[in-house]
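Colleague:
In my numbering, the protein residues as written are 158 to 227.
Structure (C-alpha coordinates):
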(Lines of atoms letter the chains of each structure in order from A; the text may use other names.)
(Lines give C-alpha, C1' and ligand atoms only; values in the text may rest on other atoms or scores of the structure.)
Protein backbone atom coordinates (compact mmCIF):
# COMPACT_ATOMS: atom_id res chain seq x y z
CA UNK A 158 0.00 0.00 0.00
CA UNK A 159 1.26 3.44 -0.90
CA UNK A 160 2.08 5.88 1.87
CA UNK A 161 -0.22 8.82 2.52
CA UNK A 162 1.62 11.98 1.53
CA UNK A 163 0.74 15.66 1.66
CA UNK A 164 0.51 15.50 -2.14
CA UNK A 165 -2.24 12.86 -1.95
CA UNK A 166 -4.10 14.94 0.63
CA UNK A 167 -3.84 18.01 -1.61
CA UNK A 168 -5.13 15.99 -4.58
CA UNK A 169 -8.19 15.03 -2.50
CA UNK A 170 -8.81 18.66 -1.51
CA UNK A 171 -8.42 19.79 -5.14
CA UNK A 172 -10.84 17.08 -6.30
CA UNK A 173 -13.45 18.17 -3.74
CA UNK A 174 -13.08 21.78 -4.87
CA UNK A 175 -13.54 20.69 -8.48
CA UNK A 176 -16.66 18.52 -8.01
CA UNK A 177 -18.33 20.95 -5.56
CA UNK A 178 -20.42 18.20 -3.91
CA UNK A 179 -20.04 15.49 -1.33
CA UNK A 180 -18.45 12.26 -2.58
CA UNK A 181 -17.52 8.81 -1.29
CA UNK A 182 -14.00 7.58 -0.69
CA UNK A 183 -14.56 5.16 -3.58
CA UNK A 184 -15.39 8.10 -5.91
CA UNK A 185 -12.11 9.76 -4.96
CA UNK A 186 -10.07 6.57 -5.36
CA UNK A 187 -11.51 6.03 -8.84
CA UNK A 188 -10.98 9.65 -9.91
CA UNK A 189 -7.40 9.83 -8.62
CA UNK A 190 -6.54 6.26 -9.68
CA UNK A 191 -5.31 5.33 -6.20
CA UNK A 192 -6.04 2.39 -3.89
CA UNK A 193 -9.13 2.90 -1.76
CA UNK A 194 -7.14 1.92 1.36
CA UNK A 195 -4.79 4.86 0.75
CA UNK A 196 -7.74 7.21 0.22
CA UNK A 197 -9.43 5.91 3.40
CA UNK A 198 -6.33 6.67 5.45
CA UNK A 199 -5.77 10.09 3.84
CA UNK A 200 -9.43 11.05 4.35
CA UNK A 201 -9.25 10.07 8.03
CA UNK A 202 -6.16 12.23 8.45
CA UNK A 203 -7.82 15.16 6.66
CA UNK A 204 -10.94 14.85 8.84
CA UNK A 205 -8.77 14.79 11.98
CA UNK A 206 -6.95 17.91 10.71
CA UNK A 207 -10.31 19.64 10.14
CA UNK A 208 -9.67 20.13 6.41
CA UNK A 209 -12.69 18.06 5.30
CA UNK A 210 -15.74 16.66 7.08
CA UNK A 211 -17.99 13.60 7.09
CA UNK A 212 -21.62 13.84 5.96
CA UNK A 213 -24.15 11.00 6.32
CA UNK A 214 -27.07 10.55 3.93
CA UNK A 215 -29.40 7.64 4.68
CA UNK A 216 -26.68 5.30 5.87
CA UNK A 217 -24.10 6.38 3.30
CA UNK A 218 -21.07 8.28 4.54
CA UNK A 219 -19.64 10.89 2.22
CA UNK A 220 -17.03 13.61 2.57
CA UNK A 221 -17.02 17.27 1.66
CA UNK A 222 -15.14 20.47 2.27
CA UNK A 223 -16.20 22.41 5.37
CA UNK A 224 -18.72 25.15 4.52
CA UNK A 225 -16.23 27.92 5.34
CA UNK A 226 -13.78 26.82 2.59
CA UNK A 227 -16.26 26.44 -0.27
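Every residue, glycine too, gets a C-beta built ideally from N, C-alpha and C.
On a predicted model such as this, the values are computed, not experimentally measured, just so you know.
By a C-beta neighbour count over all protein chains shown, 10 Å radius and 16 as the cutoff for buried, is residue 213 buried or exposed?
Modeller: With fewer than 16 Cβ atoms within 10 Å of its Cβ, residue 213 is classed as exposed.
Colleague: Go ahead and label residue 182 buried or exposed: buried means 16 or more other beta carbons lie within 10 angstroms of its beta carbon, across all protein chains shown.
Modeller: buried
Colleague: Around the Cβ of residue 231, are there at least 16 other Cβ atoms within 10 angstroms (buried) or fewer (exposed)?
Modeller: Outside the modelled stretch of the chain, which goes from 158 to 227, sits residue 231, for which no answer is possible.
Colleague: For residue 180, which three-state DSSP category applies?
Modeller: strand
Colleague: Whole angstroms is fine: what's the gap from residue 215's alpha carbon to residue 202's?
Modeller: 24 angstroms
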